[in-house]
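Sequential numbering of the sequence shown, starting at 30, is according to this note's numbering.
These notes are about the structure you will find just below.
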Amino acid sequence: MKIAVAGTGYVGLVAGVCFAEVGHDVTCVDVDEAKVKVMESGVSPIYEDGLEELMKKNNATGRLHYTTDYASAYANAEAIFIGVGTPEMPDGSANLSYIATVCRQIAESVEHDCLVVVKSTVPVGTNDKVEQFIKDSLEKDVKIEVASNPEFLAQGTAVHDTLHAARIIIGTESKEAEAKLMEIYEPFGLPIVSVKRRSAEMIKYACNDFLALKISYMNDIANLCELVGADIEDVAKGMSYDARIGERFLNAGIGFGGSCFPKDTKALKFLAKQNGYELKTVEACVDVNTRQKTKMFNKAKDRMITFDGLKVAVLGLTFKSGTDDLREAPSVENIKLLLEQGANIYAYDPAGVPRAKQQFPEGTIGRGSITYVDDPKEALERANICFVFTEWPQIREVKPASYKELMKTPLVYDGRNLYGLKEMKDAGVEYYSVGR
Ligand code: UDX
Numbered sequence: 030m031k032i033a034v035a036g037t038g039y040v041g042l043v044a045g046v047c048f049a050e051v052g053h054d055v056t057c058v059d060v061d062e063a064k065v066k067v068m069e070s071g072v073s074p075i076y077e078d079g080l081e082e083l084m085k086k087n088n089a090t091g092r093l094h095y096t097t098d099y100a101s102a103y104a105n106a107e108a109i110f111i112g113v114g115t116p117e118m119p120d121g122s123a124n125l126s127y128i129a130t131v132c133r134q135i136a137e138s139v140e141h142d143c144l145v146v147v148k149s150t151v152p153v154g155t156n157d158k159v160e161q162f163i164k165d166s167l168e169k170d171v172k173i174e175v176a177s178n179p180e181f182l183a184q185g186t187a188v189h190d191t192l193h194a195a196r197i198i199i200g201t202e203s204k205e206a207e208a209k210l211m212e213i214y215e216p217f218g219l220p221i222v223s224v225k226r227r228s229a230e231m232i233k234y235a236c237n238d239f240l241a242l243k244i245s246y247m248n249d250i251a252n253l254c255e256l257v258g259a260d261i262e263d264v265a266k267g268m269s270y271d272a273r274i275g276e277r278f279l280n281a282g283i284g285f286g287g288s289c290f291p292k293d294t295k296a297l298k299f300l301a302k303q304n305g306y307e308l309k310t311v312e313a314c315v316d317v318n319t320r321q322k323t324k325m326f327n328k329a330k331d332r333m334i335t336f337d338g339l340k341v342a343v344l345g346l347t348f349k350s351g352t353d354d355l356r357e358a359p360s361v362e363n364i365k366l367l368l369e370q371g372a373n374i375y376a377y378d379p380a381g382v383p384r385a386k387q388q389f390p391e392g393t394i395g396r397g398s399i400t401y402v403d404d405p406k407e408a409l410e411r412a413n414i415c416f417v418f419t420e421w422p423q424i425r426e427v428k429p430a431s432y433k434e435l436m437k438t439p440l441v442y443d444g445r446n447l448y449g450l451k452e453m454k455d456a457g458v459e460y461y462s463v464g465r
């Protein structure tokens, strides 16, 4: 099928590439000319396992194209997928201006009947508005219908999550739209759940917020474990055998970050408020996460007289391993606090440094400073204190003995529970982690 995809971020690009992979004829549309050139040369603008291989392969088959010329991409497309961002507004609501821009472009460009599919995460009811908005602005006499098809990929495993998704959710208001989406997804051979549009929109938020709740719940229990002398790792293990709970997303730590959970919890809270409802569970989830993000810093602050002039090793900057993304990463808030206190930070991350430099340029910042290093051991050399913010394998590989040997004072605050308490104690490291 002839498909156009608007937006080449995590959602749009991965969807476009995977549609081409299963045999569709795909054109990815982006406003950025330089980005289009990069993608045409088979280079991915995002760090995502397996994506470049599939881009190169499908660029060569002639099934995958990139353009800034939206008019020609949309003119004859049988389906147009919208995968542009819906960033958070200051009040927690979703900013729909990018979606609106794409809708205007679709309305002025389409020359044939076409299905518009919203993949971006949007508040419940947005698809109705999108359909009305496009219909109001259409320039030709064509039939347009809008469907919802939320995306469940996680960063770092986006290609795998798309090709081997647990399920595909499609939300439609007509048999024709349902049949067309079924046809598009048929080659993936995955279970398809077909519901009405508003339910599809809600499924996305309900899933993300449920997972976020699971993490906040574990962080809450972890904090209580610390107070009563239980070990959250053992507690999580014991819980995981109950199939009703499941074994995944039980890791307590420094709180969730990324482009989805923080934004989607706030957006659902906002949607509830707008509808006169108080969504108490999600509100609690957001509050627990906010507190959890600076828990390690506050623990360290209780122990230290000052951070002023101290060498502080920061291991891990990204919001999780396997990505170069720093959005809502706990490291960011902690670095700000450490710099305010005059710390000299030496930061290591295998993928996040270029983006971190945009936010915290190397050198003096206020009372403190930040230096980026290529090896965790360089960060630890003669450091007074170390914080672990991301669970990268390269950080996990650092042996407990190395902290003792390299650091001036072997004092480690681990927000990811990478080490056993006994191994750190045996190595002579003063070690603080979460929930144990
Ligand atoms: C998430 C959802 O998993 C995905 O389905 C959705 O489409 C987008 O949002 P992503 O943000 O890429 O994906 O990462 P994910 O692996 O879910 O982790 C999110 C955050 O939760 C990270 O900061 C991670 O460190 C944290 N997390 C995850 C925990 O703290 N504990 C866990 O047990 C799992």
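The C-beta atom is built at its ideal place from N, Cα and C for all residues, glycine as well.
Query	Result
Which class does A35 belong to by DSSP, given the choice of helix, strand or coil?	strand
Taking C-beta to C-beta, are G200 and G112 nearer than 8 Å?	no
Given I232, which residues of its chain have a CB within under 6 Å of its CB, disregarding the five upstream and five downstream residues?	I198
Which residue wins for smallest C-alpha separation from L366, given the options F336, T347, A376 and P383?	F336
Do A187 and F110 have their beta-carbon atoms positioned less than 8 Å apart in this structure?	no
Are I135 and V151 close, meaning C-beta to C-beta below 8 Å?	no
I want to check one thing, is the minimum distance from the CB of N318 to the heavy atoms of the ligand UDX below 7 Å?	no
Work out the CA separation of I399 and T393 for me, nearest whole Å.	6 Å
Please determine whether the Cβ atom of K292 lies at a distance below 7 Å from any heavy atom of the ligand UDX.	no
Within the continuous alpha helix (DSSP H) that includes C132, where are the two ends?	S126 to S138
The alpha helix (DSSP H) spanning S166 covers which residue range?	T155 to S166
Which of the three DSSP states is assigned to S149 in this structure?	coil
Which class does N363 belong to by DSSP, given the choice of helix, strand or coil?	helix
Taking DSSP as the reference, what is the three-state secondary structure of H53?	coil
Whose C-alpha, out of K86, E255 and E362, is nearest the C-alpha of G284?	E362
Please confirm whether any heavy atom of the ligand UDX lies closer than 7 Å to the CB of S122.	no
Taking V147 as the reference, which of E230, Y95, P119 and K204 has the closest Cα?	E230
Cβ-heavy atom distance between F336 and the ligand UDX below 7 Å?	no
For the structure I just gave you, are there three or more beta carbon pairs, one from the region 330-344 and one from the region 255-268, closer than 8 Å?	no
Would you give the residue range spanned by the beta strand (DSSP E) that H189 belongs to?	Here H189 belongs to no beta strand (DSSP E); instead the alpha helix (DSSP H) covers A187 to L192.
Straight-line CA distance for A296 to N124?	10 Å
Evaluate R226 with the Cβ neighbour count: other Cβ atoms within 10 Å of its Cβ, from every protein chain shown; 16 or more gives buried, anything less gives exposed.	buried
Could you tell me the distance, in whole angstroms, from the CA atom of G444 to the CA atom of E212?	45 Å
If you measure between the beta carbons of I32 and E107, is that distance less than 8 Å?	yes
Pick out whichever of F418, T319 and S462 has its Cα sitting closest to the Cα of A241.	T319
What residue range does the alpha helix (DSSP H) around G267 cover?	I261 to S269
Confirm the yes/no value for this check: CB of K324, any heavy atom of the ligand UDX, distance under 7 Å.	no
Could you please give the first and the last residue of the uninterrupted alpha helix (DSSP H) stretch that includes L240?	R226 to V257
Between S350 and T310, what straight-line distance do the alpha-carbon atoms span, to the nearest angstrom?	28 Å
What would DSSP say about F48, mapped onto helix, strand or coil?	helix
Could you pull the DSSP bridge partners for N373 from this structure?	K340 and S398
Count the C-beta pairs between the region 300-308 and the region 246-259 that are closer than 8 Å, then say yes if the count reaches three, no if not.	no
Excluding the 5 residues preceding and the 5 following A44 in the sequence, name in chain order all residues of the same chain whose CB lies nearer than 8 Å to its CB.	V34, F110, G112, K148, E180 and T191
Could you check whether the region 321-333 touches the region 269-278, counting it as contact only if at least three pairs of C-beta atoms, one from each stretch, sit closer than 8 Å?	no
Going along the chain, which residues of its own chain have a beta-carbon closer than 8 Å to the beta-carbon of E452, five neighbours each way excluded?	P429
Considering only heavy atoms of the ligand UDX, list every residue whose Cβ is less than 5 Å from one of them, following chain order.	F181, A183, Q184, I244, F278, N280, G282, F285, G286, G287, C289, F348 and K349
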